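2 protein chains.
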Amino acid sequence: MKAFYGDLRTGILGGGQLGRMLIQEAINFNVSVDILDPDPNAPCKDLCNRFVQGSLTDFSTVYNFGKNLDLITIEIEKVNVDALQKLEDEGVLVYPQPRVIRLIQDKGLQKEFFKQNDIPTSPFRLFSSRRHLEAAGVPFPYIQKLRRDGYDGRGVYKVSTAADLKQAFDAPSLVEDWIEFDKEIAVIVARNSKDEIKTFPTVEMEFNPEANLVEFLISPSSLPREVTDRAEALAVKIASDLKITGLLAVEMFLTNDGTILVNELAPRPHNSGHHSIEGNRTSQFAQHLRAIFGLPLGDTACIGNAIMVNLLGEQGFEGLAEYEGLDKILKLDGIYVHLYGKKFTKPFRKMGHVTVIDDDRDNAISKARLIQDTVKVKI
Amino acid sequence: MKAFYGDLRTGILGGGQLGRMLIQEAINFNVSVDILDPDPNAPCKDLCNRFVQGSLTDFSTVYNFGKNLDLITIEIEKVNVDALQKLEDEGVLVYPQPRVIRLIQDKGLQKEFFKQNDIPTSPFRLFSSRRHLEAAGVPFPYIQKLRRDGYDGRGVYKVSTAADLKQAFDAPSLVEDWIEFDKEIAVIVARNSKDEIKTFPTVEMEFNPEANLVEFLISPSSLPREVTDRAEALAVKIASDLKITGLLAVEMFLTNDGTILVNELAPRPHNSGHHSIEGNRTSQFAQHLRAIFGLPLGDTACIGNAIMVNLLGEQGFEGLAEYEGLDKILKLDGIYVHLYGKKFTKPFRKMGHVTVIDDDRDNAISKARLIQDTVKVKI
């Protein structure tokens with residue numbers, strides 16, 4: 001490969017924080033990307049070769065954005081796959097492939113894919129409407145998930161009573177047993193077009209139950225090697241079964257009896273991999289670029305303990321964002337602040353993250369708690 | 001500090017690779033910078049809030065660029081200091097300060113500053129022209145350096161014979177004894193406006209004698225602690241004497257008898273600190289931003305052994321750049337490629353760098369040699 005990547009016209013569907021962190025890495029590859037995003041103030045707006053404001057779900061907008069590009073990738077799944085399919089048919093490289101995005105866009109298809117490929121997942125049933133769901137008389141409690149467009153905790157609903165059921169989503173959904181799980185874990189895996197596959201070490205997540213968002217992530221997981229080996233082998237199997245080109249985040253539950261159940265997939269860089277920027281030899285963003293550019297995948301070994309804290313918009317504040325406490329936490333060693341360039345905050349909006357790197361795990365955890373107590377995104 | 005940095009209108013004089021790597025870090029602080037550079041295809045062109053094509057040395061261009069900004073920094077010293085001084089007088093934060101840039105722009109003033117402050121440096125004399133130099137009959141061999149505008153090995157001339165002297169620079173210059181030195185070393189130091197000062201661990205450099213450019217840099221230096229302590233203490237003293245706000249690169253010679261002589265200063269991120277992006281807990285770019293934003297300085301501890309290899313334009317090739325061998329070296333672990341977004345290569349032009357991180361120093365050196373043998377920037 002003589003020309004390297006300066007000549008590869010590359011576009012990203014979506015110009016949010018994931019696109020922004022991809023750009024920070026793409027700079028190293030001489031790639032100046034084009035961005036399509038509906039928000040005229042998208043975080044990537046000032047950091048790209050060409051910024052197009054437009055809908056990610058409109059066929060002609062996506063098609064026109066992509067038709068003069070060599071390579072397209074995504075930072076969000078909610079995109080017009082028909083346009084991507086046409087672009088792929090016309091010779092544009094689309095990674096992840098449109099067929100993979102189409103499958104992952106629909107949580108029902110995802111679950112069926114797991115079933116067909118003997119990938120352990122919690123039992124599920126599909127419903128086309130609330131009426132259909134009510135008629136089935138599924139025993140409480142259970143989780144209803146919209147098949148499409150749910151993300152960041154939206155589109156997920158716990159049904160514990162008949163009253164809850166009346167408020168259930170009236171749209172195509174899947175219903176899963178309520179799983180009592182011990183831990184939520186995640187493995188990020190990358191596959192390049194030469195079928196090279198590499199996982200990142202398993203991470204553990206702590207959720208903010210109120211926001212239903214990952215708030216705190218620990219890398220590497222302290223679970224027994226036998227468990228993390230199983231989790232990583234599952235991620236490899238899924239990437240291989242899907243034949244995805246690019247990054248795949250695999251979210252899993254570890255149940256009380258030690259079973260691993262795959263929860264859901266994201267075919268792109270993911271919140272559960274942000275710690276890798278400082279915490280692993282290769283970041284998830286560099287790895288995604290290596291995979292889609294057809295380059296050898298990088299070493300994913302951990303550099304010390306990493307804890308990632310999401311900076312979410314404080315409850316009760318909506319408006320022009322201000323950041324309290326950052327100067328205080330920057331006095332600590334091994335603190336890495338990443339702000340996402342979002343002008344406006346609202347409750348639970350992802351405004352940035354902070355990664356702590358510390359050789360001592362307990363120190364890392366104390367620093368993470370201090371960050372949570374100290375840094376506030378208000379107005 | 002509530003607002004953090006999104007509201008701080010920040011500009012950089014110069015839009016080359018140093019500006020580019022500063023931008024990669026500034027993104028984390030929510031800062032979208034304005035760039036002034038004479039080259040319409042400057043490496044930062046697509047990565048900034050506002051790109052202004054214009055001269056860095058023209059008073060009104062620099063003044064007009066800066067007059068609506070809150071903070072200005074530089075990535076090159078050859079800028080119009082009078083304009084910066086006027087901007088500072090009018091309340092714009094200019095870091096490093098105009099008086100520091102003015103001093104460092106002139107190697108003669110630098111040397112006099114060393115002398116006045118008891119900073120060890122090789123003996124020197126100042127000359128206003130070649131005729132003046134010829135008349136002085138300085139014994140051969142010696143080094144003539146232009147007082148102004150020399151960089152990347154330009155503006156430095158070894159005079160060993162009367163014939164050499166005829167070709168000497170006919171401009172204000174300084175003449176230094178030819179120093180037989182054992183090693184060239186460098187220390188990067190940062191000072192913020194609260195007088196907090198922190199050094200990076202001392203690095204050793206290997207030069208390409210043909211190009212007179214740093215080609216290979218090893219961090220940390222393997223010199224005895226006593227030597228690196230002295231080097232780092234000198235860097236602290238210089239930053240403190242200068243009262244600089246921002247980063248200062250201090251290049252030094254270690255002579256055969258163990259004396260450290262300060263060679264020259266750069267008041268900005270520097271080639272001798274590129275390894276810090278992956279090789280230190282805080283990179284030189286993050287540290288410069290912390291210093292000029294008035295934030296606490298970051299931990300500079302090393303992460304393993306780091307070797308930085310400059311990717312220079314191959315001799316005999318001038319034109320649209322192509323990169324040979326990058327896919328090969330990306331198979332190795334711990335390899336970080338940084339390309340600078342320059343369309344055109346010419347002999348010895350700095351086109352990028354590669355950093356090797358390896359716990360084993362000998363392995364790191366072998367990988368660096370392999371990179372030098374494998375990666376070629378041609379057309």
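Here the protein sequences line up with chains A and B, keeping their order. Using full-length UniProt numbering, the letters of the first sequence map in sequence onto residues 1 to 379. Using full-length UniProt numbering, the letters of the second sequence map in sequence onto residues 1 to 379. Cβ coordinates follow ideal geometry from the N, Cα and C atoms, glycine included. Keep in mind it's a predicted model, so treat the numbers as computed, not measured.
Terminal residues of the beta strand (DSSP E) in which residue i lies
{"i": "Asn263(A)", "result": "260-266"}
{"i": "Gln144(A)", "result": "142-146"}
{"i": "Gly316(A)", "result": "Taken as a continuous stretch (DSSP letters only), Gly316(A) belongs to no beta strand (DSSP E), as it is neither H nor E."}
{"i": "Arg50(B)", "result": "50-53"}
{"i": "Val156(B)", "result": "156-159"}
{"i": "Ile12(B)", "result": "10-13"}
{"i": "Ser173(A)", "result": "173-177"}
{"i": "Thr121(B)", "result": "That residue, Thr121(B), is in no beta strand (DSSP E); it is neither H nor E in DSSP."}
{"i": "His132(A)", "result": "From DSSP, His132(A) is part of no beta strand (DSSP E) but of the alpha helix (DSSP H) over 130-136."}
{"i": "Ile72(B)", "result": "71-74"}
{"i": "Ala190(B)", "result": "181-191"}
{"i": "Val354(B)", "result": "350-358"}
{"i": "Thr199(A)", "result": "197-199"}
{"i": "Leu36(B)", "result": "34-37"}
{"i": "Ile335(B)", "result": "335-339"}
Where residue i meets chain B, residues with beta-carbon distance less than 8 Å
{"i": "Val337(A)", "result": "Asn28, Phe29"}
{"i": "Pro296(A)", "result": "Asp327, Leu330, Lys331"}
{"i": "Arg281(A)", "result": "Asp333, Gly334, Ile357"}
Contact list for residue i against chain A, beta-carbon separation under 8 Å
{"i": "Asn49(B)", "result": "Asp46"}
Check: residue i C-beta below 7 Å from any heavy atom of the ligand ADP
{"i": "Ala364(B)", "result": "Because no ligand of any kind appears in the structure shown, any question about the ligand ADP cannot be addressed here."}
Interface partners of residue i on chain A, CB under 9 Å
{"i": "Arg290(B)", "result": "Leu330"}
{"i": "Ser32(B)", "result": "Lys45, Asp46, Leu47, Gly341"}
Cβ-Cβ separation, residue j to residue i (assumed contact under 8 Å), whole Å
{"i": "Tyr188(A)", "j": "Phe200(A)", "result": "The sequence shown places Ile at residue 188(A), not Tyr. About 4 Å separates the two Cβ atoms, so the contact holds."}
{"i": "Met21(B)", "j": "Phe253(B)", "result": "No, Met21(B) and Phe253(B) are not in contact; Cβ-Cβ is about 27 Å, not under 8 Å."}
{"i": "Leu265(B)", "j": "Ile238(B)", "result": "7 Å"}
{"i": "Thr355(B)", "j": "His274(B)", "result": "7 Å"}
{"i": "Cys302(B)", "j": "Ser193(B)", "result": "Not confirmed; about 27 Å, so no contact."}
{"i": "Leu47(B)", "j": "Ile23(B)", "result": "5 Å"}
{"i": "Asp70(B)", "j": "Thr10(B)", "result": "7 Å"}
{"i": "Pro296(B)", "j": "Asp358(A)", "result": "Going by Cβ atoms, the distance from Pro296(B) to Asp358(A) rounds to 17 Å, so no, they are not a contact pair."}
{"i": "Ala235(B)", "j": "Val250(B)", "result": "4 Å"}
{"i": "Asn80(B)", "j": "Val62(B)", "result": "4 Å"}
Chain B contact residues for residue i, given Cβ-Cβ distances below 7 Å
{"i": "Gln24(A)", "result": "Gln24, Ile27"}
{"i": "Arg20(A)", "result": "Ile27"}
Limits of the alpha helix (DSSP H) - the one that residue i falls within
{"i": "Tyr63(A)", "result": "59-66"}
{"i": "Ala291(B)", "result": "284-292"}
{"i": "Asp327(B)", "result": "326-329"}
{"i": "Asn237(B)", "result": "For the record, residue 237(B) in the displayed sequence is Lys; it is not Asn. 225-242 is the extent of the alpha helix (DSSP H) around Lys237(B)."}
{"i": "Leu84(B)", "result": "81-89"}
{"i": "Asp362(A)", "result": "361-374"}
{"i": "Ala162(B)", "result": "162-166"}
{"i": "Leu18(B)", "result": "17-26"}
{"i": "Ile104(A)", "result": "98-105"}
{"i": "Ile303(B)", "result": "Counting along the chain, Ile303(B) falls outside any alpha helix (DSSP H), and DSSP gives it neither H nor E."}
{"i": "Glu251(B)", "result": "Careful: Glu251(B) lies outside any alpha helix (DSSP H), inside the beta strand (DSSP E) at 246-255."}
{"i": "Glu278(A)", "result": "276-279"}
Residue i at chain D interface by Cβ criterion, 8 Å
{"i": "Ser276(A)", "result": "Here chain D cannot be found, since the structure's protein chains are A and B."}
- [ ] Using a Cβ-Cβ cut-off of less than 9 Å, list which residues of the stretch 298-311 of chain A approach chain B; keep chain order.
- [x] Gly298, Asp299, Ala301, Ile303, Gly304
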